[in-house]
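S.K.:
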Amino acid sequence: MGKIHVLDEHLANQIAAGEVVERPASVVKELVENAVDAGATSIDITIEEGGLSMIRVQDNGSGIEPEDMETAFQRHATSKLLSDRDLFRIASLGFRGEALPSIAAVARVECVSASGDSGLGRRICMEGGQLTADEHAGASQGTDMTVRDLFFNTPARLKYMKSIQTELGHISDYIYRIALAHPGIAFSLTHNGGSLLRTSGTGDRLQVIAAVYGTGTAKAMLPLRGEHADYELNGYISKPELTRASRSALTTVVNGRYIRSFAVQSSLLAAYHTLLPINRYPVAVMEIGMHPGLVDVNVHPSKMEVRFSKEAELKAFVEETARAALGGRRHIPGPESGRGERSGPVYRQEQLRFHQPEPGFAGQPASEPPVGAGAASGGSAAAETAAASAPAAGSAPPRADGARGGASAPARKGPRPAASPPGHGGRPPRRRRRCRPMRRSGFTRPLQAPSAPLPGASPPPPAMRRRLPAPHPRRPAPPPRHTPARRPSALPPAPLARARYRRRTSRVSLPPRRAATRQQPKPPDSRS
Ligand SMILES: Nc1ncnc2c1ncn2[C@@H]1O[C@H](COP(=O)(O)OP(=O)(O)OP(=O)(O)O)[C@@H](O)[C@H]1O
Ligand SMILES: [Mg+2]
1 MGKIHVLDEH LANQIAAGEV VERPASVVKE LVENAVDAGA TSIDITIEEG
51 GLSMIRVQDN GSGIEPEDME TAFQRHATSK LLSDRDLFRI ASLGFRGEAL
101 PSIAAVARVE CVSASGDSGL GRRICMEGGQ LTADEHAGAS QGTDMTVRDL
151 FFNTPARLKY MKSIQTELGH ISDYIYRIAL AHPGIAFSLT HNGGSLLRTS
201 GTGDRLQVIA AVYGTGTAKA MLPLRGEHAD YELNGYISKP ELTRASRSAL
251 TTVVNGRYIR SFAVQSSLLA AYHTLLPINR YPVAVMEIGM HPGLVDVNVH
301 PSKMEVRFSK EAELKAFVEE TARAALGGRR HIPGPESGRG ERSGPVYRQE
351 QLRFHQPEPG FAGQPASEPP VGAGAASGGS AAAETAAASA PAAGSAPPRA
401 DGARGGASAP ARKGPRPAAS PPGHGGRPPR RRRRCRPMRR SGFTRPLQAP
451 SAPLPGASPP PPAMRRRLPA PHPRRPAPPP RHTPARRPSA LPPAPLARAR
501 YRRRTSRVSL PPRRAATRQQ PKPPDSRS
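Numbering (UniProt numbering), first residue to last: 1 to 528.
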């Protein structure tokens, strides 16, 4: 006696359900795909407890005819395939006729649908694959499908469900993808009363990208458009500066179906080539249109893997189109970029006027530039230039001790005058390096002790008197023993360095402490 027999329908449905309904996200996917196939323009998804408690999908599509309601829940019942030839040119998302019976086999399902505007529809309820209710019901056109207590009769499967957040993550991920794939459909996703997504359904894919990834991401997207003899490519890819740590933001859509395709993704990444850092990935939504005969979707029960009949051509086309989209703009700023585009305030370095001793003081010939004048410009000409190029400095008197800062400091940050300041011959004012004229003067002129003043010379200013040591009454001051690089300036340094300067001066340029760098030298006339 033979041992082989055909399984009864209920058991067969439960086995098939194991493949089709893997987790709550699978139920959402199948119900939403049915709504898309029905031509809905608005699809509302309501979830409770990560889909384990309740999943409801409402659409305004064509609806199910009242007499088809029960048939729709039978295995291999579909309106999408008519002949075996249709299997090789599938244009709809569903084609197997397995989703509804598989869901009904492992959950409690209520379906209310109306196929016209009469307001009259039909309601049926299924529980564990068994029909529990069948009645007329008032309904507007479309279908309202509610799935409760998923896996209530398969505890082994229920046990392996992850946390609510994990399941919700799978659901929302799918809804985001299908919303990106169909910007013309208004999607809304609600979980435990909270809205997670709402798209307008205007057909603007960039708006959906903004709803899913945020406005910042949407602003950093480049349009992707290309045509080929066999393919059409539309969508958006991110600029190279916007990257993610994983490929999760790569969405590939083929004939309206969200798929996972390593081939298409690798072609896109090849187009970015070196524009992407290592282990960083772009954000992309690529919708590829092709004749249904060029793609086989009957590969995996989840219908998310496909096979392309001309994969090499498709890869080359995707890479070329993406490269063209990226190549249209410059991604690395060049040396001339940004020139003339400064819009912020422009600050000008004012030149300070320091106190300048009169010519002839301290043994200097009248023709030589005085110690302490700017080494680069020299003499009174430098002072004139400084005064001409710094009108603000002229109005603000320099500090009496010649130190930087003080009253003239605020004048440095004034805005650049509209016209070129005088003394530049119409050229734009050159940006000057902030130099330290007092220190530099030490390079050009060794420190000299003041000799006898020339007749008629005016007494040194107080600052000079403080700094220059008086000659020893019996022996002349020895020459300085320091190197020119460390030679101190004749004029006082900045206030902050003054103490250090004093130490160095007293250490290097001899006069003993007693001779007192700090002592005020007597006025020249009283010394004699
Ligand atoms: N929301 C809906 N609106 C209109 N018709 C629907 C809807 N959901 C299901 N149907 C009808 O019920 C049939 C059975 O649906 P089911 O999902 O089980 O199979 P399918 O979509 O044809 O194939 P697949 O198993 O690949 O999804 C569909 O062919 C369709 O005619
Ligand atoms: Mg289906």
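Note that beta-carbon positions come from the ideal geometry of N, C-alpha and C, so glycine has one too. Model, not experiment: these values are computed from the prediction.
#1: Can you pull the DSSP bridge partners for Gly-194?
#2: Just verifying my parser: in three-state terms, what is the DSSP assignment at Glu-19?
#3: Bridge partners of Gln-130, per DSSP?
#4: Opposite Asp-37 in the DSSP bridges: which residues?
#5: Got a sec: does ligand 2 put a non-hydrogen atom nearer than 8 Å to the Cβ of Asp-37?
#6: In the DSSP assignment, what residue or residues form a beta bridge with Asn-234?
#7: Which full runs of the alpha helix (DSSP H) of 4+ residues lie inside the stretch 149-211, going along the chain?
#8: Can you check whether the CB of Val-318 is closer than 9 Å to the CB of Val-283?
#9: With three or more beta-carbon pairs closer than 8 Å as the criterion, would you say the stretch 307-318 touches the stretch 260-277?
#10: Taking C-beta to C-beta, are Val-297 and Ile-90 nearer than 9 Å?
#11: What are the boundary residues of the alpha helix (DSSP H) that includes Arg-56?
#12: May I ask you to check if the CB of Glu-49 is nearer than 8 Å to at least one heavy atom of ligand 2?
#13: Look up His-136 in the DSSP assignment and give the residues it is bridged to.
#14: Should Gly-94 be counted as a contact of ligand 2 given a C-beta to heavy atom distance under 8 Å?
#15: In angstroms with no decimal places, state the Cα-to-Cα distance between Ser-83 and Ala-77.
#16: Using a Cβ-Cβ cut-off of 6 Å (strictly less than) and excluding sequence neighbours within five positions of Thr-154, which residues of its own chain qualify?
#17: Looking only at its own chain, which residues have a Cβ that is under 6 Å from the Cβ of Ala-210, when we skip the five neighbours before and after it?
#18: Any idea which residues DSSP pairs Phe-308 with across the strands?
#19: Run the CB neighbour count on Tyr-160, radius 10 Å, all protein chains shown included, and call it buried at 16 or more, exposed below.
#20: Could you tell me whether the Cβ atoms of Cys-111 and Met-54 are closer together than 9 Å?
#21: Can you give me the C-alpha to C-alpha distance between Leu-269 and Leu-81, rounded to a whole angstrom?
#22: For His-136, count neighbouring Cβ atoms within 10 angstroms of its own Cβ and tell me buried if that reaches 16, exposed if not.
#23: Buried or exposed: Gln-130, going by 16 or more other Cβ atoms within 10 Å of its Cβ?
#24: What is the DSSP secondary structure of Met-69, reduced to helix, strand or coil?
#25: Expressed to the nearest angstrom, what Euclidean distance is found between the alpha-carbon atoms of Val-254 and Gly-2?
#26: Pull up the distance between the alpha-carbon of Leu-275 and that of Val-285, whole angstroms please.
#27: Using a Cβ-Cβ cut-off of 6 Å (strictly less than) and excluding sequence neighbours within five positions of Arg-148, which residues of its own chain qualify?
#28: Between Val-57, His-170 and His-300, which has its C-alpha nearest Ser-248's C-alpha?
#29: For His-10, which of helix, strand or coil comes out of DSSP?
#30: Starting from residue 594, trace the beta strand (DSSP E) in both directions and tell me its first and last residue.
#31: Indicate the three-state DSSP secondary structure (helix, strand or coil) for Gly-374 in the structure shown.
#32: How should Glu-30 be labelled, buried or exposed, when 16 other C-beta atoms within 10 angstroms of its C-beta is the threshold for buried?
#33: Secondary structure at Lys-315, three-state DSSP: helix, strand or coil?
#34: Measure the alpha-carbon distance for Val-21 versus Pro-292 and round it to whole angstroms.
#35: Looking at the structure shown, is Thr-78 part of a helix, part of a strand, or coil, going by DSSP?
#36: Does DSSP put Glu-48 in a helix, in a strand, or in coil?
M.R.: The relevant details are as follows:
#1: His-191
#2: helix
#3: Glu-127
#4: Bridge partners of Asp-37: none, in fact.
#5: yes
#6: Arg-225 and Glu-287
#7: 155-159 and 164-181
#8: no
#9: yes
#10: yes
#11: Arg-56 -> not in any alpha helix (DSSP H); beta strand (DSSP E) instead, spanning 54-59.
#12: no
#13: Arg-122
#14: yes
#15: 13 Å
#16: Val-106
#17: Ala-218
#18: Val-295
#19: exposed
#20: no
#21: 36 Å
#22: exposed
#23: exposed
#24: helix
#25: 47 Å
#26: 18 Å
#27: Met-54 and Arg-108
#28: His-170
#29: helix
#30: The first residue shown for the chain is 1 and the last is 528, placing residue 594 beyond what the model contains.
#31: Because Gly-374 carries a pLDDT of 39, less than 50, the predicted location of this residue cannot be relied on, and the following value inherits that uncertainty. Here Gly-374 sits in coil by DSSP.
#32: buried
#33: helix
#34: 26 Å
#35: coil
#36: strand
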